[in-house]
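Residue numbers (full-length UniProt numbering): 1 to 1225. From the three backbone atoms N, C-alpha and C, an ideal C-beta is built for every residue, glycine too. Nothing here was measured: the structure is a model prediction, and the numbers come from that model.
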Amino acid sequence: MMRKKRRTSVDKGEATAITTSKFHMGVTPKGDVVEEANQSVFAVFLRDAGVTLKQGGTSNEIAVDQIVFQKRIQQQLQKSPRYPGIIQEFISGLESHIEDPERFRNCLLPCVPQLSDGDASSFHESLLRMLLAIEMLQTYIINTLLEKLPEFMLDGIPRIIINQLKWLDRVVDSKELAVKLMELVSVAPVEVQRDIITSLPEILEDSQHNDIARQLNSLLQENTQLTVPILDALSSLNLSSSLLTEVREAVMSTLTAVQLEDLPVVVKFILHSVSASDAYEVRSLSHVYSILIPVLIFLPYYSAGSSQDSVTLTLDGIKSAVRFQKTISEAWLKVGINKKIKKNSCFVMRGYFPSILALAQSLLRSTDPCVVPFGGHMYRHSFTAFDSYCQQEVVGSLVTHVCSGVNGEVDVALELLCGLVTEKPSEMSLYAVFVKGILDYMDNLAPQQIRRLFHLLSRLAFGQQQQGAHIQDDMHIVIRKQLSSTVPKYKRIGIIGAVMIVGSMGVIALLELVKSSSESTPDAAALYYDELANLILTSTLDPQVQVSFPFPARVMYNLDEEESQGGIAINLLPLLAQEMLNKAERVSPLCLSPFFRLLRLCEEKQHQGNLEEIDALLGCPLILTDMDIVEKVESLSKVEREYLCTLLFHTINWFREVINAFCSQKETEMKMKVMTRLQNVTYLQTLLEKSLAGSPGYVPPVANFDGESTDGAVIGSITAVILFVLKDQSEKEKEKEVRQGVNLGAYRQFFRELDMEVLSVLQCGLLSRTQLDSELHTEVREEVLLGPAELVFLLEDMLRKLEFSLTASPAKRAPFLKSVGFSHLQQRSSKDIASCCVQLLPALCSHLENCHNYFQTLLSENNGVVDGPATDVHEHQLMSSAYQLLVQVLNTTFSWSGFSQPGQRSLLKKALGVLAGRLKEGGAELTLEQLIKHSFEYLVNFRSTMPSLSTALCLSQLLATVSEKGGNSAAYREQTASLAKGFLSQSWVTASGEKERGNKFNEALHALLSIYLELVDDVLKAVEEIAGEGIPELLNASKDESSASWPTLSSEKLLTWNLAVRDFHILVNLVKVHLSYGRLFLESFLKLGMPLLDYSFKRHKMDVQSLLKTFQLSTRQLHHMCGHSKIHQDTSLTNHVPALKKSLELFVYRVKAMLILNNCQEAFWIGNLKNRNLKGEEILSQRSQASDEEEEEEERSMQPQGQSEDEITGRKEDMDQDDITDDSE
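As structure tokens, this is what we get:
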């Protein structure tokens, strides 16, 4: 509505003296003012105070400030002769005025200023609000308003009336007002009730909060429709802690009846009302949690809109409480998480998808293997829970990981993609085109990764879902292109991809294509057989493929299957000769082992693991040559030597595949033959070592066909190994027993991979077989036992497998060349490998105890002497190697990072239970700490029979590893440190009677000393003990002698300790050429030690002087080291001289600065220090021009002066700058 504003003649300066007549003269009404309003006390007082009442839709006008108005009204009432009766007349006039709804509305709305009153406030409160601020009128006006309120229940007037009562400066009778408001709540409609209840904290004073809270609490139990306004009001009331707990418990009791729309407010009130002490009881949160579970589980059955919003608001409230209230966050974590909630509340997390994706990417790229699985779980749950856009982003991110070229990321990402295809095939098929893009980046993928990629693409392209069928043509094009390539690398990719596709779709034509493309190249054919064998081993082929695939054993191997002619034999020698004469020969010895593996796996599949049809191959002979020729290898021609080496490689690989095939057979006869084949392999390897030693530059035939050609790298590595062996031999030229030949470790990639199942042979004990004659009498009794050589062979292979699978994290996988020979192992997870190791632990412990008993018996027979006359040196070396390998295998197993994951805790307890069970029965009922204790005690028992320092180091590492698995590793530190000290204090000799020495011994000694210093309680005391007891015993000893207290400490091994000035002074006389470490210690002392001396000098001058004199002797020795390095012109030493000289010069001036700071500068003087060598002899070529007397002056000690406390009691001597400058040139 529009109105005309009228101008008044009363200005602000005359407001205090205005009279009624003047006011009427100054105002010219245009009508419509009711006569009775002009004649009532109410209207007159308002006019005199500066308020003009209006009629209709026009707001009341005010000519003065509202404070002035209120003061005038109060003065008029108090000065009236009829006071206090005038108050009732005023109220009666007000009631008469507001009888009209329009006038009542005007009194509730803000007043507007008159235009002439430009200096007045731009905002004024309503007339009734201003009158309520007058204390003598407040109670009457409140009663009038509350009596008027029922007349306007169905429009917005009640809310405006309630607003008049908010935030009053003072409520005269707050208690009475509270009673009346609650009475009004009991009869008002719901909407009015909500308005009144939510306004109570803004109306009532704090003294009424507790009383009103009790009434609201009672009302909450009666009427759940008022839950939200009551909780809003209660949240704003200032309540006592006891009453707040009571109210909260009452609210909790109504949770089951709360509407879903009200749940956010209820949860927010409960969480915000929980105190620190209540939160730890968790009962309240558990109750909230119990009500949320059914709500979230049945959420899909609610209406989509409001219900999801309510749950979102509820969880947002929980998130805010957990985020900003520490007590709530700690208590909420104790409640636990229900999987069904995670499944049905994904829409709540949808808004956080970008952050979830970024976090998953970071976790997957982490170098910590413990956090990588979390990133994988985030990816998987994001794909399964969110919408198609998020699924596309997840697939795209995983493809990016695959194309990154980082082995760890590639492996995990491919595994996740394969898992998603298995779990959600129809959804993943929509994004097949994204996955297909990886085909452009196969150059960076390893063979096992290529297998997974094609397995993944095959599932997408040829699965039951038709959405991925559009990439079939692209895959066929890629496969045909790579199979027809003349580059071996791409042909290998084509073979791997084609075989994986065959496994998914069973197309005979593609199998024939692969066969025809590879048969002309032995390497490609062998790879084809290996890949088909892997496919048969890991999956089920299409029946059509299994039936139609030919196995031309006779053609491939030229086997004589005529039993009447005395059995069969592997025709290896003639076959190899034919290959050398005719390179185009269709049958190649390279295919012998791969094809046998394929044949064996097909037999296993068709006969459920029974190999009776081909068991003759286990014991059949090979057509070879007389191996005595190995002893005459030097007399053979180069071609003949290489032919012999190749023959041995093929023979060993054949036996390795035979062992792979029959190691799992249960019959005793089969086990005995497998054991015999193991003995054949170890014997042939000794022959091969001799043959290779006489054939430098020889490159063996390929045995693993899924990798790049490594000829160049192999030749380099072989040469390096030979040089290393020769160098090692030169270091051990005094030893009686030198192992001849080369190290076969450099040729590992040329041997067929042994399966994990082969390690089950370790569980075999003594095997015996009885042959009967025609009368069923015992004719021959054969016994076979796993010997030391075979044990070492199996343990070496096991250790390599464990180091590859359990030690390396996903982001730190071994380079490609180091992963050659682990193709089968890569197809198994690290958890499977760890489980296999735990299964083998009883057998490993038995072998460990056998080694312990062997050396214990040996010591007892030789009266405690290792190198007794009855000692078999070769057997001793084998048993020593087996002992060390067993401890290393145990240490590698228990070092697996997966044991730290909660899901693998049971496997860890099982492993520890095996060790503890060897010492104490009933391991299954023990706690983790008890298992660790008994395992530690079991392993400590082996300390007395350590054959070498390297084995002792492995045992110390194993004890440290086992002790770290519990929560109280500190309890075992002292025992491990004491054990390491005992090993360091022990003299180590070989079986031939000479002391251990060499690079490996020095490395083991360094590692063992590090373990000792790391675990000992007082490191400085331990260093002082070694330096103070052991080293002085070496000062006058010869070069080959060692310390009596510390036999491992000899004069030829100078260790660096820089832990304290005292120890530094002792050691610097021995660490003659370690200039860099001396400089580092000196710099640390200047940076950290000298500031302390600056402030300690006055109070502890004698201690400071003594410390500096001791330190000066060490710096002088370092100066002599610099001269020594210049004499010998050793660049590795002289490179450190300039920096060290600079540090020594800084030390001189730093000491001078300390003296000046303490007002003792006169106590400082510099003398000339002559250049000397390590023996103290003067270097004549570097003799300075200073007089000989200066040498005597330099040697003088600093004498006490007996002066004041500000003066030093001695003098500091060191070398001068000129001398330093001359030496550093």
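- The beta carbon of Gln193 sits closer than 7 Å to the beta carbons of Val185 and Leu226 from its chain, once the five residues preceding and following it are set aside; these are given in chain order.
- Of the candidates Leu1080, Leu53 and Leu1144, Leu1144 places its Cα closest to the Cα of Arg1116.
- Just so you know, the alpha carbons of Tyr529 and Cys591 end up roughly 8 Å apart.
- Here the segment 166 to 180 does not lie against the segment 104 to 115, with fewer than 3 beta-carbon pairs under 8 Å apart.
- Between the alpha carbons of Glu604 and Val989 lies a distance of about 51 Å.
- In terms of Cβ geometry, Gln877 and Ser950 do not form a close pair [threshold 7 Å].
- Scanning its chain for C-beta atoms nearer than 6 Å, with the 5 sequence neighbours on each side dropped, one finds around Val41 the residues Glu89, Phe90 and Gly93, in chain order.
- With 16 or more other CB atoms across the displayed protein chains lying within 10 angstroms of its CB, Gln66 is buried.
- Check the Cα spacing between Leu532 and each of Pro700, Val499, Ala509 and Glu519: the tightest is with Val499.
- Taking 7 Å as the cut-off, the Cβ atoms of Val1104 and Leu1113 do not count as close.
- Taking the Cβ atoms as the reference, Leu357 lies roughly 10 Å from Gly375, outside the contact range of under 8 Å.
- Per DSSP, Cys620 is not a residue of any alpha helix (DSSP H), being assigned neither H nor E.
- Runs of alpha helix (DSSP H) with 4 or more residues, each lying fully within the segment 813 to 880, are found at 816 to 819, 823 to 826 and 830 to 861, listed in chain order.
- With distances taken between CA atoms, Arg350 lies nearest to Phe383 out of Phe383, Lys326 and Ser1125.
- In the same chain as Leu137, and ignoring 5 residues on each side of it, the C-beta atoms closer than 6 Å to its own belong to Leu131, in chain order.
- Within the same chain, and ignoring the five residues on either side of Phe434 in sequence, the residues whose Cβ sits closer than 8 Å to its Cβ are Gln392, Val395, Gly396 and Val399.
- Here Asp195 is buried: its Cβ has 16 or more other Cβ atoms, across all protein chains shown, within 10 Å.
- In the structure shown, Arg1079 falls within a helical segment according to DSSP collapsed to helix, strand and coil.
- Counting along the chain, Val395 sits inside the alpha helix (DSSP H) bounded by residues Ser388 to Cys403.
- Remark: C-beta atoms of Asn217 and Ala250 approach each other more closely than 7 Å.
- Excluding its 5 nearest sequence neighbours in each direction, Ser80 has C-beta neighbours in its own chain below 7 Å: Ile86, listed in chain order.
- For Glu61, the beta-bridge partners assigned by DSSP are Thr52 and Val112.
- Rounded to whole angstroms, the gap between the alpha carbons of Gln259 and Thr224 is 8 Å.
- Phe1001 and Ser484 have their alpha carbons spaced roughly 54 Å apart.
- In the structure shown, the three-state DSSP call for Arg1099 is coil.
- The way I'd put it, the segment 687 to 699 doesn't touch the segment 798 to 806; fewer than three beta-carbon pairs between them come closer than 8 Å.
- For Arg641, the enclosing alpha helix (DSSP H) starts and ends at Lys638 to Phe662.
- Taken in chain order, the complete alpha helix (DSSP H) segments of 4 residues or longer contained in the segment 963 to 997 are 970 to 984.
- According to the DSSP assignment, His470 belongs to no alpha helix (DSSP H), since it is labelled neither H nor E.
- Distance from Gln164 to Leu108 at the Cβ level is roughly 7 Å; contact confirmed, criterion being Cβ atoms closer than 8 Å.
- In the assembly as shown, Thr625 is an exposed residue. Its beta-carbon has fewer than 16 other beta-carbons within 10 Å.
- For Ser126, the beta-bridge partners assigned by DSSP are Pro110.
- By the neighbour-count definition (other C-beta atoms within 10 Å, threshold 16), Val371 is an exposed residue.
- Around the beta carbon of Asp440, a 10 Å sphere encloses fewer than 16 other beta carbons of the protein chains shown; the residue is thus reported as exposed.
- Counting the other Cβ atoms within 10 Å of the Cβ of Gly408 gives 16 or more, which makes it buried.
- Here Val761 really is in contact with Leu678; their C-beta atoms are around 7 Å apart, less than 8 Å.
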